[in-house]
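Asks: Shown below is the structure under consideration.
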Amino acid sequence: MADRPNTHADRQRRYRKRQRERCAVYRVPAGDDLLLALLTSGRLTEAQALDRDRVEQEVAAVLVEWARLWAE
């Protein structure tokens, strides 16, 4: 069975879920320097660096970790 197209209703559903969970999505431009930092720190493998969703997850994890450290 093929995946359904990403419909407006699907996007709205995800948006409302994020709202309930008090989670915001920020679009941040990032260059090769960020990707290189994730690779050299061992947070991503070269194969994972080719997967845009995986890179996005790792960038989010780094930001959450940074925010926690700054809040201490």
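In this text, residue positions in the sequence shown follow the working numbering: the first is -16, and each later residue adds one.
Ideal Cβ positions, reconstructed from N, Cα and C, are used throughout, including at glycine.
Taking just the CA atoms, how far does ARG(-3) sit from LEU22?
Replies: Taking the sequence shown and counting its residues from 1, one reaches residue 22 at position 39. Taking the sequence shown and counting its residues from 1, one reaches residue -3 at position 14. In a straight line, the C-alpha of LEU22 is about 30 Å away from that of ARG(-3).
Asks: Give the single residue among GLU55, ARG51, ARG3, ALA43 whose Cα lies nearest to the Cα of ARG10.
Replies: Position 27 of the sequence shown, counted from the first residue, corresponds to residue 10. With distances taken between Cα atoms, ARG10 lies closest to ALA43.
Asks: Answer with buried or exposed for GLU41, where buried requires no fewer than 16 other C-beta atoms within 10 angstroms of its C-beta.
Replies: If you number the sequence shown from 1, residue 41 lands on position 58. It counts as buried.
Asks: Can you tell me which of the three DSSP states ALA7 falls into?
Replies: Walking along the sequence shown from the start, residue 7 turns up at place 24. Reduced to three states, the DSSP call for ALA7 is coil.
Asks: In terms of residues, what are the limits of the alpha helix (DSSP H) holding ARG37?
Replies: By one-based count along the sequence shown, residue 37 stands at place 54. Unbroken alpha helix (DSSP H) run through ARG37: 35 to 54.
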